[in-house]
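Taking our numbering, the leading residue of the sequence shown gets 9, the next gets one more, and so forth.
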Amino acid sequence: MLLADRVIACFLIFLSLYFMWYASELPTGWNGMTGGPGGGAFGFWLSAIMLLASLGILRRSYKSKSESEGSFFDPEMLRSVVIVTLALIITVALLPWLGAYIALPAFTLWYVRFFGGHGWGLSLFMSIASAVFFFFFFEVTLRILLPKGITESAFIPLYAQFF
């Protein structure tokens, strides 16, 4: 499994560096005129975080001893990765129609309740809290509009209150 960690970490390091380079073609700092981040800010800084995490994984893989020299991916892990990847693809495909405030909390609910096996209380809390967080972080604080889909008309009173 250490080989898998190293291969994936190296791939993500190069991918992060590419994304940082690509995002740096746009301003990556705070834009005082618009009161929000520059066009390349999210891409650059999220890629920088991904780079640091990948470097940490690579470093850890060289410090730890190999527990097994088995297969690159065990079947159970591969199954989990495929299921979550398919769920994410479905979520992204539903964004234009359902909007971020239905599709993303629905994914969170599925992931926490059914994939993670947690109770309904935590699952509903995480689902609702994620929608509220997304709204206040992106729409109110950063003034980045997320796709609303069929929920567009429900946000008109909120826009009147916050803008």
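C-beta: ideal position from N, C-alpha, C; glycine also.
By how many angstroms is the C-alpha of residue j removed from the C-alpha of residue i?
i      : j      : result
Val90  : Met41  : 43 Å
Pro155 : Pro104 : 6 Å
Glu33  : Phe27  : 10 Å
Thr218 : Gly64  : The structure shown does not extend to residue 218, since the chain spans only 9 to 171, so no value can be given for it.
Ala139 : Tyr109 : 6 Å
Ser72  : Ile152 : 42 Å
Leu106 : Ser88  : 25 Å
Phe171 : Val148 : 8 Å
Pro113 : Ala162 : 16 Å
Leu102 : Trp118 : 14 Å
Gly43  : Tyr30  : 23 Å
Met58  : Ala17  : 10 Å
Val100 : Leu11  : 31 Å
Glu21  : Trp38  : The amino acid occupying residue 21 in the given sequence is Ile; Glu does not appear at that position. C-alpha separation (whole angstroms): 25 Å.
Gly125 : Leu96  : 18 Å
Met85  : Val15  : 16 Å
Ala56  : Ser135 : 27 Å
Phe133 : Ala61  : 28 Å
Ile158 : Thr93  : 25 Å
Arg67  : Ser24  : 16 Å
Val179 : Ser131 : Beyond the ends of the chain as shown, which are 9 and 171, falls residue 179; an answer cannot be given.
Phe146 : Phe122 : 27 Å
Leu150 : Tyr70  : 39 Å
Phe50  : Trp128 : 32 Å
Leu54  : Ile98  : 23 Å
For residue i, which residues does DSSP report across the bridge?
i    : result
Trp7 : Within the shown structure, residues of the chain are numbered from 9 to 171, placing residue 7 beyond reach of any answer.
Can you have a look at residue i and say buried or exposed, based on whether 16 or more other CB atoms are within 10 angstroms of its CB?
i      : result
Phe52  : buried
Thr116 : buried
Glu160 : exposed
Gly48  : buried
Ala168 : exposed
Pro83  : exposed
Pro165 : exposed
Ala137 : exposed
Enumerated in chain order, which unbroken segments of the alpha helix (DSSP H) with a length of 4 residues or greater are wholly contained in the stretch 89–149? 108–117 and 128–142
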